[in-house]
Amino acid sequence: MTSAILSALNILTKPLGEGSVHNAQPSHQEALVAVLRANRALLLEQLHTESSFQKVRPLREEVMAEADWFSSETEDTVWAFVQECLLLFLTLARHLSVELELFEKTPPPCAVRQRTAETAPPLPPDVLSVAQQKTLGAALQFVVSLGLCPYLAPGVGVPLGCRSAFGAMVEKLACIGAVVVRRRRLLTTARVLLKLAEVSSLATLVFTRHLGDVMAALCQLGYQPQRAEGGGTENDKVQDLSAEEGQMCKEALKSLLGKVYQPIVIKELLILQGGPTQSAAVGVSGGSSSRAARGSAPAWLRRLCGQLLSERLMQPNGVQAVVRAILGGGTGGESDWKKCECVARILATCPQQSVSADSYYRQVCPQILELLHFKDKLTALQFQRVATRALLSMVQEKPSFAQEYLLSPLLAPLHRCTTASDEGCSQTAVGEWELTRCVEDVNKIWVVGNSPSASLLKALEEVLPVIFTLFCFTKQNVSHLRAPCQEILVWYLSHTEPSVALPALKQLSGLQGGKKNEVAADFRFNPGSDGGVRLCSRESCSDEDDALYEKLSGEQWRLECLMQLLTELKDSDLPGDFFLDLLQELTSWTAAEDDHKDEGELDVSAMTLLEVEQQLLDRAERRGQRLALLQVLAVMVESVEHTVLLRKNTQVVDFLVSLLQRACVGLDHTTGPGLVNPVESETLSMGIGLVATLLSGPQLSAEDYSSMSRLLPPLETLSQKHSEVFIQELASNLRSVIATHGAYRPENLTAAAQTPRNPEALEKHNSVPCRKKPKTRTEANKAQTSPYSSPKDSDSKSNTPIRPPASSGGSTAGRSPKSQERTSSTSEPRPPIKSFSDCMLEACDPDVPTRAFALRVLTQMVQNKYPEAVQGRENVLMLFLENVEHEDSFVYLSAIQGLAALADSYPERILERLLKDFQHGPSLPTSNKERSLETRLKVGEVLMRASRAMGELAPHLGRPLLGVFLQGTRDPDQSVRASSLSNLGELCQRLDYSLGTLAQELSSCLTALIKTEKEAEVRRAAIHVITLLLRGLSDKTTQVLRDVLLDLYRALKWVVRSDPDDVSVLHAQLALEELDDVMRRYIFPEQKLEKKIVVLP
52 MTSAILSALN ILTKPLGEGS VHNAQPSHQE ALVAVLRANR ALLLEQLHTE
102 SSFQKVRPLR EEVMAEADWF SSETEDTVWA FVQECLLLFL TLARHLSVEL
152 ELFEKTPPPC AVRQRTAETA PPLPPDVLSV AQQKTLGAAL QFVVSLGLCP
202 YLAPGVGVPL GCRSAFGAMV EKLACIGAVV VRRRRLLTTA RVLLKLAEVS
252 SLATLVFTRH LGDVMAALCQ LGYQPQRAEG GGTENDKVQD LSAEEGQMCK
302 EALKSLLGKV YQPIVIKELL ILQGGPTQSA AVGVSGGSSS RAARGSAPAW
352 LRRLCGQLLS ERLMQPNGVQ AVVRAILGGG TGGESDWKKC ECVARILATC
402 PQQSVSADSY YRQVCPQILE LLHFKDKLTA LQFQRVATRA LLSMVQEKPS
452 FAQEYLLSPL LAPLHRCTTA SDEGCSQTAV GEWELTRCVE DVNKIWVVGN
502 SPSASLLKAL EEVLPVIFTL FCFTKQNVSH LRAPCQEILV WYLSHTEPSV
552 ALPALKQLSG LQGGKKNEVA ADFRFNPGSD GGVRLCSRES CSDEDDALYE
602 KLSGEQWRLE CLMQLLTELK DSDLPGDFFL DLLQELTSWT AAEDDHKDEG
652 ELDVSAMTLL EVEQQLLDRA ERRGQRLALL QVLAVMVESV EHTVLLRKNT
702 QVVDFLVSLL QRACVGLDHT TGPGLVNPVE SETLSMGIGL VATLLSGPQL
752 SAEDYSSMSR LLPPLETLSQ KHSEVFIQEL ASNLRSVIAT HGAYRPENLT
802 AAAQTPRNPE ALEKHNSVPC RKKPKTRTEA NKAQTSPYSS PKDSDSKSNT
852 PIRPPASSGG STAGRSPKSQ ERTSSTSEPR PPIKSFSDCM LEACDPDVPT
902 RAFALRVLTQ MVQNKYPEAV QGRENVLMLF LENVEHEDSF VYLSAIQGLA
952 ALADSYPERI LERLLKDFQH GPSLPTSNKE RSLETRLKVG EVLMRASRAM
1002 GELAPHLGRP LLGVFLQGTR DPDQSVRASS LSNLGELCQR LDYSLGTLAQ
1052 ELSSCLTALI KTEKEAEVRR AAIHVITLLL RGLSDKTTQV LRDVLLDLYR
1102 ALKWVVRSDP DDVSVLHAQL ALEELDDVMR RYIFPEQKLE KKIVVLP
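For the sequence shown, the positions run 52 to 1148 when the working numbering is used.
The structure is reproduced here in structure tokens:
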């Protein structure tokens, strides 16, 4: 019977064949009316004649008898067609309802038989096929277009003319008839559609396409003010609905809004409230009527939709429904950003229909916070944007409500960390999931939202110590909260004002006595089971030493973590400001130290015990604060780069002001040079040198001199009160340069930028002869390129106690050999700082720095062909060989450098002696035979450096070395064998074609070592020789090694397949890659676009 009813609907909605009525009608409207009339007549005829409709006929007549709205005598063809459709809808709904009741009460026949697990359950009778759904959907579209939409008031719902050209034609068609009882017909259609929707399978078809139209009809029927629309005769007046019918429509609308998926309801309400823009109907053909382009919705409808939307919003999960309705199907593009901003403004604004702002925000704000916790990637991103923008908008516009209902609940787990009470010893005060969610939410709002405001910064400041403690804990463990905590801390320090950030840094570093907003004393963070952190009660420590160690190590670790945060602020002035603030505090404490000099002579005769105890406690507290300050400064200088601490000239000037002021504090108590503190003297020398370096910089601006004017008072104090005359003169000169903005510039200003560290050296430096001024000026210019490195370099050099005679040459002793060669090749040899005889004597000095420095000076003399060094090269060689056996690396490395320079200058004589010592051990009478192996390896290092320096002379000078190195591969000691192979590789890659005669011998040696050597270190060295050989020969490999290349390839493949040492296999793979590159270039040479012209004789 269901099929018969749907067949009847198909008769009503199917189009007639061409030529039936279309050709006889002058317009589309009349043609459509003719089709509707013909289909209705055909249906009535078949209902009485066809046997297939035999069961449909009585049920239809029964429904017709109960329908008080049906009129068979109507002259309106369109409404008569709609009536037939509505009768069939009610017939279908009644039939399916009866069948469903029987299906639920009586099991189907298949249920009686025993069914297997694979047997599908029986289908209920209300399930329609695809074709049947298509037929029913077409009938619904006709009913809505002809019996519902034309009777909506102007501005209610989306007009048919705004939907399609066919809709515009149908819209005109409904106005052709005579007198139309609009509201009654609208009520009839709406009631039938709601009756049809009582069947669940049919409700889906009704509401997926026509929910907005049904909602518009119910809104108009239940809430439109009843008044006459025409204004003519009595028949033109609207037949008002009864109060019961209006209440029924209101209840139906309420029920409908509660049943349907809320995002769809909200979307339809938004459409009803605002409607599409007028531009949407501009291009519609036939849209010249007044309804073609819809105006704004009526005032009563806007108020109603606003009230309904507010109710949707304030119900459970209402915020989520609103967000899904507006952002549904978003892709994360720019339009979605705009939609997120729009939704955020909607959520942040209290609607007029709300009872009170407090009740609205109390219900909505928790739902806004829940938007931050979705797991789906795209949905979470969109919801996070909305929640972030809504919260930020509320913080700016409604700070009190935002603090009470958003920020306080959001930060509640962190606040509980500070107020936790030890009710249960093993009880977790704050769970892992709470802290994880809280930290992630803070990161999303503060860091990702990135809209700093006073309220947000203030709220974050209250929990900053807890977040920092959590960050320090995650740095010691593996936790996914480490990165969010670091981002939060860096964001806060980057966006807060310095006046607020500096006290916060002092609190985090432990320089403030109060423990404000810190984690509760009896609690500590512990690792969670899912990679997070939880707050648990602290276990009591019975051992006082263990407790003290835990406290001190914890404080040290917090300082290191804080320094890491400061290193992340590379583009901020905050690290420098914090450093200078600590230095200023240190200066103030130094100045106040004299007020407490009599602490050791405390007169307790006139004090009570409480007063004495208080005095002692105050004294201990001051000492503790000083130690803490010094500890922070020490860790800061050690951990944070100077480019981060002092990144601007103004900060450098502030640093110098603090330094010079601290140097001036003790001048009143110093009566002579012997009483000067060496540390203070060295610090003062460093500061004066840095001031001179700054003043020696090119093109200082007026602003630079203005900032340096703060140096004038301490410089004046130094020029008047310092005990050293040289310091007084230099301070006076620097003060004059600053005061005159560079107009006065003394001759020794540039030299002062490189001042040594002690008074004697200062006087020597001041008396440098004129011929050395170019060198000093050059060094000063080098220092000017990075003026901020002066303090650090000074501190690092001061750790080595160089004696005054050797200190004047420190600038050349630290150079590398390559830099010395560049210097000697681009400029003429400079006179040595000391005489040759003095250097020879100091090279035997037991003091390690003096001996090493003398060896480096001798090396310079050899490189620069100094006459005395050339004449005494045998003595220099013996001296270097003796020092090679020294235990200190500073000495024997300097000797190795000197021997390499000698071998480069006099290869025949020196290499012969070195090869002898490498083969048989040291030959000096004073040599220690027990350290023979170590000396041979050091000589091997010299030979390697000499091999690298041979260059094109390697084929001539390398023959003796090859024999010795090949013999060394058979040495009993594995270290000598590895050293020989290393030197062999360095030499072979420079021999080119001269290696051809030795290729067989070299190949046999290497392959034998690779396959028979037991020590992995030696096998690695042999494979590395092949790599260096292939790399050095490059394109010449196929010519020089053509006879042994296959053997070397097979040896390398054997290593890859059979060698148990992974490092050897790696070396073999690298060698094979080199060989592969060589063969590819040989087989596939690079194509060059060149032309050869041969001139015939």
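The C-beta atom is built at its ideal place from N, Cα and C for all residues, glycine as well. Just so we're clear, the structure is a prediction, and the values are computed from it rather than from any experiment.
Among all the DSSP beta bridges, which residues are the ones paired with C587?
T479 and R575
May I ask you to verify whether the segment 583-594 touches the segment 661-673, counting CB pairs closer than 8 Å and requiring at least 3?
no
Return yes when the Cβ of G500 is within less than 8 Å of the Cβ of D439, no when it is not.
Correcting the residue identity first, residue 439 is Thr in this sequence and not Asp. Their beta carbons are under 8 Å apart, which means T439 touches G500 by this criterion.
Thinking C-alpha only, which one of Q184, D177, A216 and A1072 is nearest G251?
Strictly speaking, residue 251 in this sequence is Ser, with Gly absent from that position. It is D177.
If you compare alpha carbons, which of L203, P900, E421 and M52 is closest to E150?
M52
Are I322 and A372 closer than 8 Å when you measure CB to CB?
no
Which first and last residues belong to the alpha helix (DSSP H) in which E689 is found?
L660 to S690
Using the Cα positions of T1058 and V1076, report the straight-line distance between them to the nearest angstrom.
CA-to-CA, the gap between T1058 and V1076 works out to about 11 Å.
DSSP state of T157 mapped onto helix, strand, coil
coil
Which residue's Cα is closest to the Cα of C468: E485, Q454, L458 and A92?
E485
Backbone CA spacing between L680 and F519 [nearest angstrom]
19 Å
Taking the beta carbon of H99 as the centre, do at least 16 other beta carbons fall within 10 Å, making it buried, or is it exposed?
exposed
Using only the alpha-carbon positions, how far apart do L634 and H466 sit?
33 Å
Please state if the CB of L553 and the CB of F629 are separated by a distance shorter than 8 Å.
yes
Alpha-carbon to alpha-carbon, V1091 and M1001
Approximately 20 Å between the Cα atoms of the pair.
Report the rounded CA-to-CA distance for W1105 versus L613, giving the unit in angstroms.
54 Å
Between A685 and chain B, is the shortest Cβ-Cβ distance under 8 Å, so that the two count as touching?
Although the question refers to chain B, the structure presented lacks it and comprises just one protein chain.
How is the alpha helix (DSSP H) around R88 delimited, first residue to last?
H79 to T100
Using 8 Å for Cβ pairs, my map puts L684 next to I739. What's the rounded Cβ distance?
Contact doesn't hold; Cβ gap of about 21 Å is too wide.
Classification of N368 by the beta-carbon crowding that lies within 10 angstroms, buried from 16 upward:
Exposed, since its Cβ has fewer than 16 Cβ neighbours within 10 Å.
Can you give the Cα-Cα distance for A343 and K426, rounded to whole angstroms?
Residue placement at A343 is poorly supported in this model, since its pLDDT is 37, which falls under 50; the coordinates are not used for a value here.
Of the listed residues G579, L697, M658 and V437, nearest to L625 (C-alpha basis)
L697
CB-CB length for S1031 against G1014, believed under 8 Å:
Actually they are not in contact, since the Cβ atoms of S1031 and G1014 sit about 11 Å apart, beyond 8 Å.
Answer yes if the segment 101-110 comes into contact with the segment 211-225, meaning at least three C-beta pairs across the two stretches below 8 Å, and no otherwise.
no
Please tell me whether V394 and L378 are closer than 8 Å, where the distance is taken between their beta carbons.
yes
Note the first and the last residue of the continuous alpha helix (DSSP H) segment covering Q358.
A350 to M365
Take P314 as the anchor and find which of L984, A376, M912 and L1097 has the nearest alpha-carbon.
A376
Once DSSP output is grouped into helix, strand and coil, what is the label at C401?
coil
For P918, which three-state DSSP category applies?
helix
For D387, count the other beta carbons within 10 Å of its own beta carbon; 16 or more makes it buried, fewer makes it exposed. Which is it?
buried
Expressed to the nearest angstrom, what Euclidean distance is found between the alpha-carbon atoms of I397 and Q366?
15 Å
Beta-carbon within less than 7 Å of H79's beta-carbon, same chain only, minus the 5 sequence neighbours each way: which residues are those?
M220
Let me check understanding here. Comparing Cα to Cα, which of F522, T255, Q712 and A204 lies closest to V232?
A204
Every unbroken alpha helix (DSSP H) within the segment 746-780, with a cutoff of 4 residues, ordered by chain
753-759 and 763-772
Any alpha helix (DSSP H) of 4 or more consecutive residues that is wholly inside the segment 501-565
505-527, 533-546 and 549-560
What did DSSP end up calling F904 once you bin it into helix, strand or coil?
Helix.
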